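Scroll down for the structure; my scribbles are underneath it.
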Amino acid sequence: MPVTVALGLGAALGVIGPLAGKFDNPICHAVALVFSGGWSWACFAFLVGYSRRSKIESALLPSSALAIGVAVYYLFKFLSPAAPIGRVISGGSGEGLASSILVWGIAAFAFGAPVGLVGNLARTPGIAGLPFRLLVPLIAFIETSERLSTEADSQGLIVAITWNAIRVVAAVVAVALVGHTVWSWRARRSRPEGRAEVGASARRL
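Taking our numbering, the leading residue of the sequence shown gets 471, the next gets one more, and so forth.
Shown next as structure tokens:
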């Protein structure tokens with residue numbers, strides 16, 4: 471992934487959630503929930519790190535992209551403070567804007583480095599890389615489970631459906647990753663045995 475593409479996607483990540491929240495329909499509400507969750511930002515940092523061969527780049531590029539995403543997020547909410555029905559979702563006065571960008575930008579930068587590095591380590595083939603590949607499904611499952619247990623009752627049906635769907639998808643992805651890794655490992659172990667049997671048969675002939 472080119473550097474400019476990663477940084478541009480970081481900016482898009484920052485605007486998709488609040489932009490979708492401007493529209494009063496269930497699909498946009500679900501999109502806003504997905505892109506406002508911490509797991510989706512972790513997934514982005516993971517994928518950027520996965521796309522880089524250099525471990526240094528896999529740490530620095532996701533951090534920079536997430537910091538840009540945070541800045542775009544707060545700038546968008548400042549420039550477009552009102553929902554379609556007129557409900558104010560951000561003061562729009564600029565009070566605390568710089569401090570929010572600074573604090574959360576630093577947090578995003580610090581968060582993106584280890585997650586991006588994990589993404590790079592997830593490139594390791596076989597069972598050795600499996601724990602790293604399971605990070606994002608695990609984060610998504612834990613975050614949505616926690617929100618379902620503490621917030622879903624007060625947030626409405628769309629929120630509960632969206633978080634349950636994310637949790638199910640995270641579990642399916644985790645099972646698929648484990649199954650694929652085990653299948654690949656067994657396939658690699660069987661190949662040398664098969665070649666050895668063919669070689670022994672040839673020698674007997």
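Quick reminder that beta carbons are idealized off the backbone N, C-alpha and C, glycines included. Note that this is a predicted model, so its numbers are computed, not measured.
Alpha carbon to alpha carbon, how far is residue i from residue j?
| i | j | result |
| --- | --- | --- |
| G596 | S528 | 20 Å |
| V585 | A512 | 7 Å |
| R617 | S660 | 44 Å |
| L591 | A646 | 19 Å |
| V540 | G478 | 12 Å |
| G677 | L545 | In the structure displayed, the chain extends from 471 to 675; residue 677 sits before or after that span and is not available. |
| S524 | G575 | 23 Å |
| T651 | L549 | 47 Å |
| P472 | R658 | 33 Å |
| F602 | G649 | 15 Å |
| S619 | I609 | 15 Å |
| A630 | V638 | 12 Å |
| R656 | L604 | 19 Å |
Which same chain residues, not among the five before or five after residue i, have their C-beta less than 6 Å away from its C-beta?
| i | result |
| --- | --- |
| A490 | C498, V501 and A502 |
| P532 | A515, V518, G519, G582 and G586 |
| I486 | F505 |
Output yes or no for whether 8 Å exceeds the beta carbon distance between residue i and residue j.
| i | j | result |
| --- | --- | --- |
| L536 | F505 | no |
| F611 | A635 | no |
| I628 | P488 | no |
| G484 | I538 | yes |
| G508 | E613 | yes |
Might you give, ordered along the chain, the residues of its own chain that have their beta carbon closer than 8 Å to the beta carbon of residue i, omitting 5 neighbours on each side?
| i | result |
| --- | --- |
| P607 | A640, A641, V643, A644 and L647 |
| A672 | Unreliable placement is indicated for A672, whose pLDDT of 45 sits below 50; no coordinate value is reported for it. |
Give every residue of the same chain whose Cβ lies closer than 7 Å to the Cβ of residue i, excluding the five residues on either side of it in the sequence, and list them in chain order.
| i | result |
| --- | --- |
| R522 | S528, L531 and N590 |
| S570 | Y544 |
How far does the alpha helix (DSSP H) with residue i in it reach, from first residue to last?
| i | result |
| --- | --- |
| P595 | Looking at the DSSP string, P595 is not in any alpha helix (DSSP H), and its letter there is neither H nor E. |
| L503 | P496 to S506 |
| E621 | Counting along the chain, E621 falls outside any alpha helix (DSSP H), and DSSP gives it neither H nor E. |
| F493 | Premise fails: F493 is in no alpha helix (DSSP H) and is neither H nor E. |
| G539 | K525 to L549 |
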